[in-house]
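Numbering (our numbering), first residue to last: 251 to 581.
For every residue, glycine included, the Cβ atom is placed at its ideal position computed from N, Cα and C.
Written out below as structure tokens is the structure these notes cover.
Put into structure tokens, the structure is as follows:
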């Protein structure tokens with residue numbers, strides 16, 4: 251019996267829930283320590299040359315070019331998201347960060363940071379060497395997709411208690427996420443809370459990689475979309491609605507196949523055959539983001555929040571490159 255049905259009926263499990271043990275405890279502990287080594291968040295090479303433009307004025311060029319590079323702003327944004335401080339605290343931290351390392355690197359003002367964050371050019375980066383090599387070689391990957399809500403700093407609970415109603419501006423955004431089975435984030439998007447899962451699905455698959463399988467829950471199901479993927483050689487592992495019927499049309503072959511299979515074998519056979527259970531990985535990743543990084547967006551502008559999502563994804567991928575826990579089921 252599925253666990254949700256057991257919760258409703260109160261029926262106990264037939265078998266005890268299995269436990270898991272970490273087999274690489276020492277390596278995993280070291281990887282957790284590396285998350286606190288701030289120098290590992292910096293890129294390789296001459297940092298001052300990478301971060302600072304020493305010649306903002308050039309002969310024959312009108313106006314002043316930017317003094318601080320996008321790579322520098324991205325590093326500051328990473329610390330801003332990692333620590334959860336305000337802009338002024340982050341600028342103070344960066345001054346001390348460079349001074350302790352004996353580097354003469356200037357720090358932009360908090361006003362400039364606010365202006366640059368919503369136009370910053372950032373993209374999701376793969377930090378794990380094995381995953382990056384697979385992508386360079388053109389190997390196909392499987393993507394697991396899901397979404398969750400993220401709030402940000404506007405009137406919410408206090409407004410409800412004081413005025414007896416919700417604030418006119420809802421303090422929620424929706425985070426759409428696509429990962430591979432190794433928990434590396436490939437795409438992330440922060441949208442309005444009224445954007446449906448189905449509408450956000452195409453954006454999650456806009457990755458620079460070959461995709462051979464898409465795993466998502468039933469909220470993402472669309473006959474037209476799944477048929478298009480199936481025709482392109484992509485396996486859509488998305489369960490159809492419980493009341494789905496067979497249409498017997500050339501344009502609904504995959505849909506008809508799934509509906510027949512589930513009616514004949516059952517939904518659990520579908521999950522076992524196509525690996526639908528891997529969808530739990532993206533739920534675990536969302537939980538990890540909210541517990542370890544935060545369930546609240548620090549920025550308020552929509553453009554800044556979209557870039558903040560990319561920073562969160564890059565943080566997760568960087569932590570994965572430090573090392574992950576290897577768990578096995580207890581005998």
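Reduced DSSP secondary structure (H/G/I, E/B, other) of residue i
i: residue 546; result: strand
i: residue 559; result: helix
i: residue 459; result: coil
i: residue 423; result: strand
i: residue 471; result: coil
i: residue 494; result: coil
i: residue 428; result: strand
i: residue 382; result: helix
i: residue 266; result: coil
i: residue 437; result: strand
i: residue 355; result: coil
i: residue 271; result: strand
i: residue 509; result: helix
i: residue 464; result: strand
i: residue 566; result: helix
Span of the alpha helix (DSSP H), counted from its first residue to its last, around residue i
i: residue 320; result: 320–333
i: residue 523; result: 517–524
i: residue 279; result: 275–284
i: residue 220; result: As displayed, the chain neither begins before 251 nor continues past 581, which places residue 220 out of reach and without an answer.
i: residue 361; result: 360–367
i: residue 371; result: Here residue 371 belongs to no alpha helix (DSSP H), and DSSP marks it neither H nor E.
i: residue 297; result: 297–301
i: residue 452; result: 447–454
C-alpha gap between residue i and residue j, whole angstroms
i: residue 353; j: residue 325; result: 16 angstroms
i: residue 385; j: residue 559; result: 22 angstroms
i: residue 456; j: residue 428; result: 10 angstroms
i: residue 274; j: residue 578; result: 10 angstroms
i: residue 397; j: residue 512; result: 25 angstroms
i: residue 415; j: residue 549; result: 24 angstroms
i: residue 458; j: residue 413; result: 48 angstroms
i: residue 328; j: residue 300; result: 16 angstroms
i: residue 271; j: residue 278; result: 12 angstroms
i: residue 222; j: residue 536; result: Shown here, the chain extends from 251 to 581; a query on residue 222 therefore has no answer.
i: residue 364; j: residue 306; result: 21 angstroms
i: residue 441; j: residue 466; result: 18 angstroms
i: residue 576; j: residue 378; result: 16 angstroms
i: residue 516; j: residue 330; result: 48 angstroms
i: residue 337; j: residue 319; result: 18 angstroms
i: residue 287; j: residue 304; result: 28 angstroms
i: residue 290; j: residue 284; result: 8 angstroms
N- and C-terminal bounds of the beta strand (DSSP E) containing residue i
i: residue 443; result: Counting along the chain, residue 443 falls outside any beta strand (DSSP E), and DSSP gives it neither H nor E.
i: residue 485; result: 485–487
i: residue 401; result: 390–402
i: residue 579; result: 577–579
From the options, residue whose alpha carbon lies closest to that of residue i
i: residue 432; options: 474, 528 and 295; result: 528
i: residue 492; options: 505, 500 and 485; result: 505
i: residue 425; options: 438, 434 and 540; result: 438
i: residue 486; options: 393, 576 and 498; result: 393
i: residue 454; options: 362, 563, 544 and 494; result: 563
i: residue 463; options: 336, 501, 525 and 497; result: 525
i: residue 351; options: 478, 580 and 292; result: 292
i: residue 470; options: 315, 478, 522 and 488; result: 488
i: residue 534; options: 499, 566 and 556; result: 566
i: residue 503; options: 473, 521 and 568; result: 473
i: residue 544; options: 269, 335, 313 and 494; result: 335
Supposed contact pair residue j and residue i - C-beta distance, whole angstroms, cut 8 angstroms
i: residue 422; j: residue 389; result: The Cβ separation is near 37 angstroms, so there is no contact.
i: residue 372; j: residue 532; result: Residue 372 to residue 532, Cβ: 22 angstroms. No contact.
i: residue 554; j: residue 333; result: Going by Cβ atoms, the distance from residue 554 to residue 333 rounds to 17 angstroms, so no, they are not a contact pair.
i: residue 355; j: residue 348; result: 5 angstroms
i: residue 391; j: residue 461; result: 6 angstroms
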